[in-house]
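Down below is the structure, laid out as structure tokens.
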Amino acid sequence: MNSSRIGQPLDRVDGVAKVTGQARYAAEYPADGLLHGSVVCSAIARGRVRAIDASAALALPGVVWVLTHENRPVMAGDDESYEDEDAADGSPFRPLFDARVRYSGQPLALVLADSPELARHAASLVRVDYQPDEHETDLRAALQRAHDAPAELPEPRGDADAAIAGAEVQLALEYELANEYHNPMEPHASTVIYQPGGDLLVHDKTQGPQNSQQYLCNVLNLEPSRVRVLSAFVGGAFGSGLRPQYQLPLAAMAALTLRRSVRVALTRQQMFTFGYRPRTVQRLRLGASAEGKLQGLIHEAIGQTSRFEDFTEQVVPWSGMLYHCDHLRLDYRLTPLDVYTPLDMRAPGAATGLFALESAMDELAWATGTDPVQLRLLNYSETDQNQGKPYSSKELRACYRQGAEAFGWSRRSAQPRSMREGEQLIGWGMATGVWEAMQKPASARASLSADGRLIVASATCDIGPGTATAMTQIAADTLGIDPARVHFKLGDSTLPTAPLQGGSFTVSSVGSAVREACLALARRLCEAARQLPDAPFSDASQLRCIDGRVQQGDDSQRAIDLQELLARHGSLAAEVDAKPGKQREQVASATHSAVFVEVRVDEALGTVRVSRVVSAIAAGRVVNPKTARSQILGGVVWGIGMALQEEALIDHRLGRCMNHNLADYHLPVHADIGDIEVIFVEEEDALVNALGSKGVGEIGIVGVAAAVANAVYHATGKRIRQLPITLDRLL
Ligand code: MOS
1 MNSSRIGQPL
11 DRVDGVAKVT
21 GQARYAAEYP
31 ADGLLHGSVV
41 CSAIARGRVR
51 AIDASAALAL
61 PGVVWVLTHE
71 NRPVMAGDDE
81 SYEDEDAADG
91 SPFRPLFDAR
101 VRYSGQPLAL
111 VLADSPELAR
121 HAASLVRVDY
131 QPDEHETDLR
141 AALQRAHDAP
151 AELPEPRGDA
161 DAAIAGAEVQ
171 LALEYELANE
181 YHNPMEPHAS
191 TVIYQPGGDL
201 LVHDKTQGPQ
211 NSQQYLCNVL
221 NLEPSRVRVL
231 SAFVGGAFGS
241 GLRPQYQLPL
251 AAMAALTLRR
261 SVRVALTRQQ
271 MFTFGYRPRT
281 VQRLRLGASA
291 EGKLQGLIHE
301 AIGQTSRFED
311 FTEQVVPWSG
321 MLYHCDHLRL
331 DYRLTPLDVY
341 TPLDMRAPGA
351 ATGLFALESA
361 MDELAWATGT
371 DPVQLRLLNY
381 SETDQNQGKP
391 YSSKELRACY
401 RQGAEAFGWS
411 RRSAQPRSMR
421 EGEQLIGWGM
431 ATGVWEAMQK
441 PASARASLSA
451 DGRLIVASAT
461 CDIGPGTATA
471 MTQIAADTLG
481 IDPARVHFKL
491 GDSTLPTAPL
501 QGGSFTVSSV
511 GSAVREACLA
521 LARRLCEAAR
531 QLPDAPFSDA
541 SQLRCIDGRV
551 QQGDDSQRAI
561 DLQELLARHG
571 SLAAEVDAKP
581 GKQREQVASA
591 THSAVFVEVR
601 VDEALGTVRV
611 SRVVSAIAAG
621 RVVNPKTARS
631 QILGGVVWGI
641 GMALQEEALI
651 DHRLGRCMNH
661 NLADYHLPVH
671 ADIGDIEVIF
681 VEEEDALVNA
691 LGSKGVGEIG
701 IVGVAAAVAN
711 AVYHATGKRI
721 RQLPITLDRL
731 L
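Numbering-wise, the sequence shown is residues 1 to 731 according to full-length UniProt numbering.
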């Protein structure tokens with residue numbers, strides 16, 4: 001029946017293509033006469049390029065050209081706008097714009113050759129003569145230069161300083177996390193296919209093919225009709241593909257100049273020359289009653305940014321909404337450094353801010369002798385105080401209850417260092433997670449062909465969450481047809497407009513558009529059925545589309561098979577523009593989670609292993625519990641990496657990331673991960689959108705790092721306020 005299709009664990013519709021290697025990624029498209037570009041990156045953090053000597057590279061047979069700031073095609077200037085959907089405030093970075101070096105790793109030249117190996121070798125022969133300037137890349141050394149971030153913060157409430165000063169329990173805490181670099185499995189790549197006549201067909205690794213298309217047109221001053229961007233498959237991104245990265249304009253500039261197809265694929269090391277989750281220092285002051293009821297809260301954060309753009313994320317607002325507190329002050333500032341601009345990374349801001357807030361709440365639990373779950377319940381907020389609005393739904397209590405139950409939280413012995421097995425100290429910790437449930441305008445087109453296949457299309461993409469699968473289910477459910485007869489088209493800038501795939505808003509935004517397009521199509525089908533001269537209906541106002549036919553009400557005798565209808569009428573299509581409903585304006589919408597973690601700390605070595613995680617999620621209706629569970633698993637694993645491993649080690653004398661490879665930049669592997677149990681609690685939401693679905697992309701990571709840190713405290717009695725919790729910090 002209709003309703004069975006949403007909520008079913010449908011296998012990924014593109015799973016076979018992916019695991020058999022039939023799915024092509026951006027760097028895998030062939031083209032006649034394809035040239036390969038290799039990027040030369042800056043070795044200094046600040047200064048000017050005096051000269052680039054490419055003669056040794058150009059002398060090699062098979063090397064075709066070296067693109068630099070001196071010979072590049074015309075590019076939008078400082079005064080011309082060429083924003084992309086996710087560009088930070090300021091003067092956006094343009095590769096090869098001029099001779100200035102703004103950060104270590106900045107692309108300075110692109111070597112074009114017949115093979116990728118030759119291009120890479122030739123790039124190593126390019127000599128850059130620099131005029132270096134003094135640089136600063138250390139946030140701690142430059143905190144005093146912080147300026148207000150261009151971000152709207154919730155208004156202060158009451159008098160936080162006075163409330164804290166008068167509170168029985170007062171805490172002043174400082175937390176810090178390191179730069180974390182994006183390392184999706186597929187490094188960034190663009191293949192620009194030069195079409196006869198000069199049009200560009202681009203295969204790009206992106207979270208928004210239309211954003212990449214508009215960016216290219218704006219930067220290189222091209223007619224939109226000349227550029228089509230495809231992103232059929234994307235091997236992970238989670239923020240790194242929200243902005244077009246530098247390989248895209250470099251490949252396009254080379255293709256336009258040489259009138260040839262060009263591919264630029266970044267190396268793993270070059271993945272460390274752009275976006276990252278920014279190092280951030282956070283100070284929290286809490287005032288509470290002896291029982292742990294919050295009376296005042298101040299959360300201040302200072303993040304790093306580049307000198308040319310102000311990267312902002314939502315670090316502190318969560319502290320004004322997650323718990324009830326009448327006296328509150330939030331502050332968020334940025335320190336410009338000689339680094340590249342940070343970039344959104346899964347749950348940008350929330351992963352950072354909730355590490356601090358949820359660590360601090362744990363510290364408050366200890367200071368007041370309150371169970372950490374009880375402390376959260378004591379401070380539970382029924383409304384979003386930042387906006388002064390009730391929630392469209394909030395089943396966070398159920399997350400605490402079901403998560404604690406599944407984890408066995410009631411068996412926890414309260415004292416630190418009180419649980420052990422042999423050499424291993426065992427610690428149990430928990431934290432709350434929260435993420436906004438957003439919806440953006442999106443469009444979709446649904447068409448039924450004469451053979452009864454439903455094609456639904458929107459210019460979104462699928463960076464891994466299973467978007468094509470979820471959209472297939474939504475379409476099948478709405479029209480009441482078999483998912484096997486549905487095909488969802490995405491990853492093409494020429495399809496109906498869709499927002500970037502980010503922010504956990506794809507199901508809410510594109511899913512709503514898909515649903516509305518299918519509803520519009522159903523109306524057309526009913527209309528077409530009504531007009532058939534021999535239609536078997538007595539009351540045509542009751543027609544509906546169900547189980548592959550148009551029928552009158554519940555009367556399956558008075559029905560016309562869709563296939564017959566289409567054969568007689570011809571194909572039918574409908575396109576809609578969907579937008580957030582008015583009802584949303586009265587409410588706040590968010591996803592929530594409760595994360596419970598068990599760690600095992602080797603007492604002698606200081607090594608930490610996360611042996612168990614239970615993550616209980618409230619995210620409205622779950623479209624596909626299988627792919628949604630995978631989203632949460634991925635978020636939890638990433639959170640464990642954030643807590644224990646991920647850290648860019650910067651040599652500030654050179655201003656450069658030194659561990660720019662996956663041997664030295666540590667990420668969790670299978671052997672690092674224990675049991676992870678995911679629980680989706682029931683959450684009915686009639687307001688967030690017609691699907692009742694909030695999205696699960698980010699929520700899985702939020703709170704995980706704090707839950708691990710809190711468990712480490714419970715295991716060892718040591719509070720580590722700086723991530724990652726490496727053994728040198730713990731011993
Ligand atoms: Mo997400 S960091 O909005 O891809």
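Idealized CB from N, CA, C, for every residue including glycine. It should be emphasised that the depicted structure is a prediction, and the values quoted were computed from it without experimental measurement.
Comparing the CB of residue 755 with every heavy atom of ligand 1, is any distance shorter than 7 Å? No information on residue 755 is available, as it lies outside the stretch 1 to 731 that the chain covers here.
Determine whether the beta carbon atoms of L297 and R721 lie at a separation below 8 Å. no
I need the DSSP call for C41, collapsed to helix, strand or coil. strand
Tell me whether the beta-carbon of L687 lies closer than 8 Å to the beta-carbon of Q583. yes
Below 8 Å, how does it come out for the segment 259-268 and the segment 225-237: are there three or more Cβ pairs, yes or no? no
Consult DSSP for Q439 and reduce its assignment to one of helix, strand or coil. coil
Does ligand 1 have a heavy atom nearer than 7 Å to the CB of R243? no
Taking the alpha-carbon positions, what's the V63 to L110 distance? 11 Å
Same chain, Cβ closer than 8 Å to L633, neighbours up to 5 away in sequence not counted: I676, V678, G700
Length-filtered (3 minimum) beta strand (DSSP E) runs lying within the segment 583-663: 590-602, 608-618
Using only the alpha-carbon positions, how far apart do S3 and G674 sit? Residue placement at S3 is poorly supported in this model, since its pLDDT is 46, which falls under 50; the coordinates still yield a value, given next. Cα-Cα distance, rounded: 35 Å.
So, helix, strand or coil for Q722, using DSSP? strand
R102 to Y340 span [Cα, whole Å]: 7 Å
N-terminal and C-terminal residue of the alpha helix (DSSP H) that L378 is part of: 372-378
Write down the C-beta distance between A475 and D482 rounded to the nearest angstrom, noting that I regard them as a contact closer than 8 Å. Not a contact, Cβ separation roughly 11 Å.
If I follow the unbroken beta strand (DSSP E) through R283, where does it start and stop? 280-288
Top-ranked residue by Cα proximity to A520, from Q551, V507, E575: E575
Three-state class that DSSP yields for R523 in the structure shown: helix
Note down the Cα distance separating V74 from A252, rounded to an integer number of angstroms. 12 Å
What residue range does the alpha helix (DSSP H) around A162 cover? 160-165
Nearest-angstrom Cα distance between L605 and G641? 19 Å
For P187, three-class secondary structure by DSSP: coil
Check: Q144 C-beta below 7 Å from any heavy atom of ligand 1: no
From which residue to which residue does the alpha helix (DSSP H) around H299 run? No alpha helix (DSSP H) holds H299; the beta strand (DSSP E) holding it covers 294-306.
Please indicate yes or no: does the CB of G503 lie closer than 7 Å to some heavy atom of ligand 1? yes
Could you tell me if the beta carbon of R346 falls within a distance shorter than 7 Å of some heavy atom in ligand 1? yes
Distance, E134 Cα to S381 Cα: 49 Å
Closest by C-alpha distance to R333, when choosing among F355, D326, I302, Y323: I302
Roughly how many whole angstroms lie between the Cα atoms of T137 and A45? 8 Å
Given 7 Å as the limit, tell me if Q207 has its C-beta closer than that to any heavy atom belonging to ligand 1. yes
Quick one: Cα of T716 to Cα of R729, how far? 12 Å
The alpha helix (DSSP H) enclosing P249, as first and last residue numbers: 247-258
Top-ranked residue by Cα proximity to Q304, from M185, G158, E180: E180
Going by DSSP, name the residue or residues bridged to L112. G37, W65
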